[in-house]
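For the sequence shown, this note's numbering begins at 23 and goes up steadily by one. One structure is given below, encoded as structure tokens.
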Amino acid sequence: MARTVAVRVTWATAAGLLRPSVHRIHRRTPGMRIAVMGAGSTGGYFGGMLARVGNDVALIARGAHLDAILKKGLRVVRDDEEFTVQCQASDDPSKIGPVDLALLCVKTYQNDVALPMMRRLVGPETTVLCLQNGIDSYRTAAKALGETAVLPGAAFIEASVLGPGAVRQTGSVVRIVMGEEDGIESQRCRAIRETLVQAGIPGEISSDIRASLWGKFLFIATMAGVTTMARATLAELMPQAHWRNVVLACLAEIDAVGRANGVNLPEDMVANTTSYIEEHLPDLQASMHTDLMAGRPLELEALNGAVVRAGRDAGVATPINDVIYAMLKSLENGS
Numbered sequence: 023m024a025r026t027v028a029v030r031v032t033w034a035t036a037a038g039l040l041r042p043s044v045h046r047i048h049r050r051t052p053g054m055r056i057a058v059m060g061a062g063s064t065g066g067y068f069g070g071m072l073a074r075v076g077n078d079v080a081l082i083a084r085g086a087h088l089d090a091i092l093k094k095g096l097r098v099v100r101d102d103e104e105f106t107v108q109c110q111a112s113d114d115p116s117k118i119g120p121v122d123l124a125l126l127c128v129k130t131y132q133n134d135v136a137l138p139m140m141r142r143l144v145g146p147e148t149t150v151l152c153l154q155n156g157i158d159s160y161r162t163a164a165k166a167l168g169e170t171a172v173l174p175g176a177a178f179i180e181a182s183v184l185g186p187g188a189v190r191q192t193g194s195v196v197r198i199v200m201g202e203e204d205g206i207e208s209q210r211c212r213a214i215r216e217t218l219v220q221a222g223i224p225g226e227i228s229s230d231i232r233a234s235l236w237g238k239f240l241f242i243a244t245m246a247g248v249t250t251m252a253r254a255t256l257a258e259l260m261p262q263a264h265w266r267n268v269v270l271a272c273l274a275e276i277d278a279v280g281r282a283n284g285v286n287l288p289e290d291m292v293a294n295t296t297s298y299i300e301e302h303l304p305d306l307q308a309s310m311h312t313d314l315m316a317g318r319p320l321e322l323e324a325l326n327g328a329v330v331r332a333g334r335d336a337g338v339a340t341p342i343n344d345v346i347y348a349m350l351k352s353l354e355n356g357s
């Protein structure tokens with residue numbers, strides 16, 4: 023099936039200016055119908071990239087963001103270009119119907135509302151790729167949407183919402199990692215990876231998705247917890263010896279909890295994560311920190327709360343995360 027897509031693209035010139043152009047891309051649709059549940063920063067970026075190359079993408083959004091997408095399309099800004107795509111968008115998944123692939127990108131605290139709505143997107147052949155934060159978010163999704171439908175995954179990306187109808191991705195690190203719980207490289211994983219790569223999104227299949235999830239979790243729970251507690255970014259905190267010690271202690275604490283729970287983490291996990299933080303400081307901004315400053319709810323239970331619970335289950339002390347959890351608990355529903 024062939025499909026023509028209108029894409030407005032701008033690119034950086036030598037003078038640092040952005041020049042616009044409209045391209046009509048005639049592509050053969052890869053044959054995968056895709057819905058993005060939660061077209062905010064992460065979901066909006068991936069949805070926009072997938073739509074740009076001709077995939078049949080539907081974005082589930084709401085409010086002013088949805089209105090802007092319907093009127094003007096979704097604007098995606100990257101470091102070296104920006105483009106706008108026109109695609110189906112709605113706040114009602116029943117208007118979309120069953121799809122081949124559904125990306126679950128809403129915040130975990132929205133699951134009670136989002137997952138029942140998402141059932142309208144799931145048919146017998148649908149794969150739900152869970153890209154939520156946390157170490158067991160996919161299990162929550164599986165209980166609501168079906169054990170065989172949900173595929174665990176992790177999104178590695180620095181992204182933000184610029185305003186209604188616009189998202190921005192920054193930095194060089196963008197990829198999606200996915201994998202079956204049994205470690206088998208399944209046909210659906212290969213098909214999803216191919217679709218992602220065709221859209222310019224690096225996709226990886228993990229033979230140990232639990233370790234992959236914990237690897238991201240170690241980083242994101244530390245960054246989110248410490249920066250939200252401190253009301254400051256890692257770029258502001260890491261040069262200060264006392265805060266650097268807190269960050270390193272939090273990384274080590276989560277690493278110990280993971281190993282005590284039988285997770286096969288690399289021996290140099292903490293060292294590698296520390297190096298990553300130091301190399302990418304200007305680009306690192308935890309969404310939980312941003313949410314706190316904006317008075318929005320926090321993903322506290324899926325992040326630092328999960329560390330505390332996993333530590334308790336394994337008999338591992340979690341003093342850093344205990345303090346983070348206690349300090350932020352009263353703010354988790356927004357202010």
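Here a beta-carbon is modelled for each residue, glycine too, at the ideal position from N, C-alpha and C. Predicted, not measured: the structure shown is a model, and the values here were computed from it.
Same chain only: Cβ atoms within 8 Å of residue i, ignoring 5 sequence neighbours per side
i	result
Met71	Val98, Ala221, Gly222 and Ile223
Ile242	Asn155, Ala308 and Leu325
Ala181	Ser63, Thr64, Gly66, Tyr67, Val189, Arg190, Gln191 and Thr192
Glu354	Tyr131, Pro319, Leu320, Leu322 and Glu323
Ala271	Ile342
Cβ neighbour criterion (16 or more within 10 Å) applied to residue i
i	result
Gly119	exposed
Pro174	buried
Ile299	buried
Val135	exposed
Pro146	exposed
Asn343	buried
Ile214	buried
Asp204	exposed
Ile231	buried
His264	exposed
Ile206	exposed
Glu258	exposed
Gly187	buried
Thr250	buried
Met140	buried
Met200	buried
Pro115	buried
Arg212	exposed
Thr170	exposed
Ser229	exposed
Arg100	buried
Asn286	exposed
Asn77	buried
Gly95	buried
Gly317	exposed
Cβ-based neighbour list, residue i, same chain, cut-off 7 Å, excluding 5 preceding and 5 following
i	result
Ala336	Val279, Ala282 and Asn283
Val219	Gly225
Ala163	Leu126, Leu137, Val150, Cys152 and Val172
Leu273	Leu240, Thr244, Val292, Thr295 and Thr296
Glu289	none
Best match in the options for proximity to residue i [C-alpha to C-alpha]
i	options	result
Ser63	Met245, Pro341, Glu207 and Leu126	Leu126
Val128	Arg142, Gly66 and Asp89	Gly66
Ala233	Pro304, Met291, Gly247 and Pro186	Met291
Glu275	Cys109, Gly225 and Gly237	Gly237
Ala246	Thr217, Ile346 and Ser229	Ile346
Phe132	Arg142, Arg161, Gly60 and Gly95	First, the residue type needs correcting, since residue 132 is Gln and not Phe in the sequence shown. Closest option to Gln132, Cα to Cα, is Gly60.
Asp158	Gln110, Val329 and Leu270	Val329
Arg253	Leu273, Met310, Asp78 and Asn294	Met310
Ser194	Met315, Pro341, Ser357 and His302	His302
Val196	Thr255, Ile179, Tyr160 and Val144	Ile179
Asp313	Arg266, Leu88 and Ser357	Ser357
Arg142	Val58, Lys93 and Arg161	Val58
Tyr160	Met260, Ala86 and Leu235	Leu235
Val268	Val248, Asp277 and Arg210	Val248
Supposed contact pair residue j and residue i - C-beta distance, whole angstroms, cut 8 Å
i	j	result
Ile56	Asp122	7 Å
Ala166	Ile198	Not confirmed; about 21 Å, so no contact.
Ala80	Cys109	7 Å
Ala124	Ala83	Not really, about 14 Å apart at Cβ, beyond 8 Å.
Thr255	Leu306	7 Å
Chain-order list of residues whose beta-carbon lies under 6 Å from that of residue i (same chain, five-residue window excluded)
i	result
Ala332	Val279 and Asn283
Met349	Met251
Val20	The structure shown does not extend to residue 20, since the chain is modelled only from 23 through 357, so no value can be given for it.
Thr340	Glu275, Val329, Val330 and Gly333
Glu202	Ser208
Arg210	Thr149
Cutoff 8 Å: residue i Cβ touching any chain B Cβ
i	result
Gln191	Annotation note: the requested chain B is absent from the structure, which comprises a single protein chain.
Original post:
Which parts of the stretch 138 to 193 are runs of the beta strand (DSSP E), unbroken and 3 residues or longer, counting only runs that do not cross its ends?
Top reply: You should have 149 to 152 and 172 to 185.
Original post:
At what residue ranges does the stretch 41 to 118 contain a whole run of the beta strand (DSSP E), taking only runs of 3 or more?
Top reply: DSSP runs (the beta strand (DSSP E)) wholly in the stretch 41 to 118: 55 to 59, 78 to 82, 96 to 99, 103 to 107 and 110 to 112.
Subject >> Secondary structure, beta strand (DSSP E): runs of 3+ residues fully inside the stretch 285 to 351 >> reply: Restricting attention to beta strand (DSSP E) runs no shorter than 3 residues, the stretch 285 to 351 encloses none.
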